[in-house]
Amino acid sequence: MTVEVEQRPATARGRGSRIAGLAMMMGSAASNQTGAAVGAHAFEAIGPPGVVAARQLVAAAVLLPVVRPDFRRFTWAQWWPTLLLGVVFVTMNMGLYTAIDRIGLGLAVTLEFLGPLAVALAGSRSRFDLLCAAGAGAGVYVLVLPSGSSDWVGIGCGVLAAGCWASYILLNRLLGQRLPGLQATAAATTVAAVLTLPIVVMLIVQGRLTGTALLFAAAAGVMASVIPYAGDLIALRRVPTRYFGVVMSVHPVFAALAGLALLGQVLAVHEWIGIVIVVAVNVVAVRQNAGRG
1 MTVEVEQRPA TARGRGSRIA GLAMMMGSAA SNQTGAAVGA HAFEAIGPPG
51 VVAARQLVAA AVLLPVVRPD FRRFTWAQWW PTLLLGVVFV TMNMGLYTAI
101 DRIGLGLAVT LEFLGPLAVA LAGSRSRFDL LCAAGAGAGV YVLVLPSGSS
151 DWVGIGCGVL AAGCWASYIL LNRLLGQRLP GLQATAAATT VAAVLTLPIV
201 VMLIVQGRLT GTALLFAAAA GVMASVIPYA GDLIALRRVP TRYFGVVMSV
251 HPVFAALAGL ALLGQVLAVH EWIGIVIVVA VNVVAVRQNA GRG
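The sequence shown begins at 1 in the UniProt record's numbering and counts up one residue at a time.
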């Protein structure tokens with residue numbers, strides 16, 4: 001009896017920690033997609049590139065003083081993936097925000113979500129994973145329903161963002177072994193801020209970076225970059241990685257809801273069906289691959 005009494009508090013604490021971690025991931029996803037919707041309000045004034053540039057500057061301004069990466073101690077083995085990650089940040093966000101501007105938040109994020117799914121399925125030759133890939137393809141087809149009137153530029157930008165998200169996962173996995181804490185994220189965000197600084201300067205010279213536009217872009221920087229980075233990092237210390245992959249599936253759903261509530265973007269029935277198919281395929285694929293490990 002004594003042993004059982006001693007084990008129960010530890011089990012309760014473990015469950016409580018897992019529930020807290022899952023809550024953090026849900027909050028992180030909601031913040032990320034709400035931030036993307038808020039940033040879209042600045043498109044008319046400064047365009048997607050301006051929102052991305054301001055977002056990167058705000059994220060760097062918040063992360064640098066908190067993390068304080070010592071750039072002088074970085075080796076080349078740490079620098080080259082960090083530089084690549086900075087380029088990926090810029091390209092991914094440019095692609096995503098351009099897609100949001102052209103085809104809407106829900107569709108853009110669902111297409112981007114194919115990146116993590118591709119990473120989960122990569123390297124497998126099992127029939128099950130091939131079926132998952134086919135299912136994802138079917139979901140995207142239902143989501144887009146290609147026709148002559150389809151916005152192929154917007155769809156292409158969403159697919160570009162997906163490829164960048166896959167690269168983001170792989171580079172983060174590598175940098176997680178080479179740099180402690182959030183140093184890689186802070187350093188890569190700084191690289192992205194430097195790369196997009198000319199856009200900010202141009203907007204200032206043109207007088208387009210108004211207070212309202214800057215406020216929306218800054219909110220996007222905090223809600224879609226700083227909060228998700230910190231929340232996901234803390235959550236991964238509390239829950240198994242397989243749960244993280246499953247919970248990531250809520251991103252397209254939150255994106256669709258944020259687009260509806262904040263941008264008035266109403267999805268058609270086939271778009272909701274496509275989102276559900278892609279999300280379901282991801283959940284099944286992640287859980288199956290976790291079971292193999």
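All C-beta atoms in this analysis are idealised placements derived from N, C-alpha and C, irrespective of residue type, glycine included.
These numbers were taken from a predicted model, which means no experiment stands behind them.
Straight across, the Cα-Cα distance linking His41 with Ala285 is about 35 Å.
In terms of CA proximity to Thr196, Met94 leads the group Met94, Trp76 and Ala29.
With contacts defined by Cβ atoms closer than 8 Å, Leu64 and Ala186 form a contacting pair. One thing to note: Ile277 has its Cβ no nearer than 8 Å to the Cβ of Ala256. Annotation note: the segment 159-208 contains no uninterrupted beta strand (DSSP E) run of length 3 or greater.
Rounded to whole angstroms, the Cβ separation of Ile46 and Leu203 is 6 Å, and the two are in contact under 8 Å.
In this chain, the alpha helix (DSSP H) harbouring Ala77 covers Trp76 to Ile103.
Closest in C-alpha terms to Leu263, from the list Gly35, Leu179 and Ser28, comes Gly35. A distance below 8 Å between beta-carbons, with the five flanking residues on each side excluded, links Val200 to the following residues of its chain, in chain order: Gly50, Ala53, Ala54, Leu57 and Leu209. DSSP places Gln265 in the coil class of the three-state scheme, outside both helix and strand. If you check the CB distance, Ala60 and Ala193 come in under 8 Å.
With contacts defined as CB atoms closer than 8 Å, Cys157 and Val88 fail to qualify as a contacting pair. Excluding its 5 nearest sequence neighbours in each direction, Tyr168 has C-beta neighbours in its own chain below 8 Å: Leu85, Val88, Phe89, Met92 and Gly115, listed in chain order.
The alpha-carbon of Ala280 is positioned some 14 Å away from that of Leu121. In the structure shown, the three-state DSSP call for Met26 is helix. Pro146 sits in coil when the DSSP states are folded into three classes, being neither helix nor strand. Secondary structure note for Thr212: its alpha helix (DSSP H) is the uninterrupted segment Gly211 to Gly221. Around the beta-carbon of Phe43, 16 or more other beta-carbon atoms lie within 10 Å, marking it buried. Gln265 is positioned such that its CB atom lies closer than 8 Å to that of Leu105.
Excluding sequence positions up to five before and after Ala166, its CB lies within less than 6 Å of the CB of Gly115, Ala118 and Val119, all in the same chain and listed in chain order.
Of the candidates Ala20, Ser17 and Asn32, Asn32 places its Cα closest to the Cα of Val253.
In this structure, the CA atom of Gly259 is about 43 Å from the CA atom of Arg73. Annotated three-state conformation of Arg55 is helix, per DSSP. 8 Å or more divides the Cβ of Phe113 from the Cβ of His270.
Taking all protein chains in view, the Cβ of Phe216 is crowded by 16 or more other Cβ atoms within 10 Å, so the residue is classified as buried.
DSSP, reduced to helix, strand and coil, places Ser249 outside both helices and strands of the structure shown, so it counts as coil.
Taking the Cα of Asp232 as reference, the smallest distance to any Cα among Ile19, Ala29 and Ser17 is reached at Ala29. The beta carbon of Arg178 sits closer than 8 Å to the beta carbons of Ala77, Gln78, Pro81 and Ala184 from its chain, once the five residues preceding and following it are set aside; these are given in chain order.
In its chain, beyond the 5 residues on either side, Ala99, Arg102 and Ile103 have a beta carbon closer than 6 Å to the beta carbon of Gly154.
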